[in-house]
Ligand code: AHR
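Numbering (our numbering), first residue to last: 1470 to 2081.
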């Protein structure tokens, strides 16, 4: 056996690797031993409408409550008495409540998706009269930027009624961009507009959107939208900064559309993909289980184009007949949902000669998307009725009959499937850093003959709203385990990915990427995952660790309950992979303690190493 020892200046997440000493930790890369193949889909992303991920997040549309479906709700002065103000639109206010009043008009709408409107009654007119939208905690105002908007309007005013639309400072004193809409009439009509900021504007989010009215009369509005520039300039598109951050992680797939969001609290609020495609003005929207409405402006096609734009492919989760309030359907009752799933797959990968492939082409994307994996439901281990194995089988058989090439993912483990065959099992782990260290060898002992594993949701939950450095260390230790075992662990996606960091924006603590209307940032976990995703070979190189020091963790709840001794875990976690074409070896080393470690690195086998 040939062994060469090198002192490498590598650093990753808390590591300082310095000159080796006697008995210091050593990592021996066994280049002469065969390593397993790294799954080409190992690192991906997971998404759903949570924490204002799309509305007020990735979906670039800026007007909050654009179709006036949300009415004011809140807490009374004493903080305990909930109130509901029927007829008062949430996130909209009057510029001048003496000169005008406003009310949601349930008899005036433009179509079944936008079946209500806002009626603004202007009694006296001056330039300041009109309505204001708060946006999602403000609007992003940047220099030299063009915003495109539209709205449906009608009026009974006869005195050459016109509107002025603007983005302005909260006190109304600074107008950043503005334009006029003319030609209003007594008939509903869609008006498109655009306005631009000057190159002198200092970026700010402390802004609102105003629609000012110049003459007395009644004005009805619905479906008011405003977009800043979008990623790849897609119409009805997505926020460039967040798209760039995702692309930079080098993800291979996007698990969509959830999560709980797939299931919904009730059947009416499940993810009904057919209601999310086509003209955005005709999408009804629905309630997210996370407590707010989704307009479904980011619908199935936008999801698919998102995957394409970040260089990934979709991992499609289909609604499987179980909703979060515990209701479920089975047997014959589930057949329409199985058909819905088949139609959905056809929309994603069908040729334009198929019904749903033709619909996709009509919606603007003739080319089929790539698809390898379909997941049946989400976290069905919460279904206490025991219906999942039966429901899963119905979906599995129907999908395999038509699309034998697809891998089908179960959301419960092999044992709970009670003999029903699945290709892949989705496992979810939300843990603290200590628990990640304890479990960083979990997959080493998994049965290689059983189904493959998809770690479809995982996170080290420390830090809020976004995770902290300790969480990143837990993540990194866990990723060494997943990567080393990527013959069986073929896909992994962290959750949740996004959080709007404004007060009221977060429903789930400890998220990967935070933002407000103007800015965004990655947590330490984001950078840990980007490093792992970007530096990856196609074969695992076995690594033998020598003299790896250990430290004692605080006793876990389980250890306390069972009267066990506290566990001790390694201070250093590691994994290596090799690109078999270029010969490049990637060694990832994670030092989870707060002191530098002296680590030497050796290679076994006939390897040549460049001197630089
Ligand atoms: O990631 C947040 C939630 O955690 C997901 O919606 C759900 O699948 C899981 O319980």
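Where is the CB? At the ideal position from N, CA and C, for every residue including glycine.
- Residue state for residue 1867 is assigned as helix, using DSSP reduced to three classes.
- Distances from the CB of residue 1518 to the heavy atoms of ligand 1 are all 7 Å or more.
- DSSP places residue 1915 in the coil class of the three-state scheme, outside both helix and strand.
- Cβ-Cβ distances below 7 Å link residue 1920 to 1883, 1891, 1892, 1893, 1894 in the same chain, with the five nearest sequence neighbours on each side left out; the list follows chain order.
- Rounded to whole angstroms, the gap between the alpha carbons of residue 1537 and residue 1559 is 8 Å.
- Comparing C-alpha distances from residue 1591 to each of 1519, 1688, 1666, 1612 shows the shortest one belongs to 1688.
- Residue environment for residue 1930: buried (at least 16 other C-beta atoms within 10 angstroms of its C-beta).
- Check the Cα spacing between residue 1845 and each of 1829, 1821, 1803, 1833: the tightest is with 1803.
- By the criterion of a C-beta distance shorter than 8 Å, residue 1716 is surrounded in its chain by 1778, 1779, 1780, once the five residues flanking it on both sides are discounted.
- Following the DSSP letters along the chain, one finds residue 1783 inside the beta strand (DSSP E) bounded by residues 1782-1787.
- Assignment of residue 1743 by DSSP, reduced to helix, strand and coil, places it in the helix class.
- Secondary structure at residue 1929: strand, using DSSP grouped into helix, strand and coil.
- Assignment of residue 1773 by DSSP, reduced to helix, strand and coil, places it in the helix class.
- Taking each of 2062, 2006, 1616 in turn and checking the Cα distance to residue 2020, the smallest one comes out for 2062.
- In the DSSP assignment, residue 1512 is bridged to 1961.
- Remark: the shortest separation between the CB of residue 1897 and any heavy atom of ligand 1 falls under 7 Å.
- Put simply, the region 1986-1997 touches the region 1602-1615. At least three CB pairs are less than 8 Å apart.
- Within the same chain, Cβ atoms closer than 6 Å to the Cβ of residue 1954 are found at 1912, the five residues on either side in sequence being excluded.
- Setting aside the 5 residues that flank it on each side, residue 1577 is surrounded in the same chain by 1586, 1689, each with a C-beta closer than 6 Å to its C-beta; the list follows chain order.
- Closest in alpha carbon position to residue 1783, among 1774, 1791, 1789, 1790, is 1774.
- In this structure, the C-beta of residue 1977 approaches ligand 1 to less than 7 Å from one of its heavy atoms.
- Bounds of any alpha helix (DSSP H) do not take in residue 1967; it lies within the beta strand (DSSP E) bounded by 1967-1969.
- For residue 1638, DSSP records a beta bridge to 1676.
- In the structure shown, the three-state DSSP call for residue 1749 is helix.
- Pairing residue 1721 with residue 1516 gives a Cβ-Cβ distance that is not under 8 Å.
- Residues 2006, 2007, 2008 of the same chain have their beta carbon placed closer than 8 Å to that of residue 2049, with the five preceding and five following residues left out of the count.
- Ranked by Cα distance from residue 1632, the first of 1582, 1643, 1685, 1932 is 1685.
- Secondary structure note for residue 1571: it is in no alpha helix (DSSP H), and the uninterrupted beta strand (DSSP E) holding it is 1569-1574.
- Fewer than three beta-carbon pairs drawn from the region 1491-1511 and the region 1969-1985 are found closer than 8 Å, and the two stretches are therefore not classed as touching.
- With a minimum length of 3 residues, the unbroken runs of beta strand (DSSP E) contained wholly in the region 1557-1618 fall at 1561-1563, 1569-1574, 1586-1591, 1599-1602.
- Between residue 1933 and residue 1978, the C-beta gap is smaller than 8 Å, which places the two residues in contact.
- Take the alpha-carbon of residue 1981 and the one of residue 1707: they are about 18 Å apart.
- The region 1616-1635 makes contact with the region 1646-1655; the number of CB pairs closer than 8 Å reaches 3 or more.
- The closest CA to that of residue 1760, considering only 1729, 1866, 1700, is found on 1729.
- Residues of the same chain with a CB within less than 6 Å of the CB of residue 1525, apart from the 5 flanking positions on each side, are 1605, 1969 in chain order.
- In the assembly as shown, residue 1833 is an exposed residue. Its beta-carbon has fewer than 16 other beta-carbons within 10 Å.
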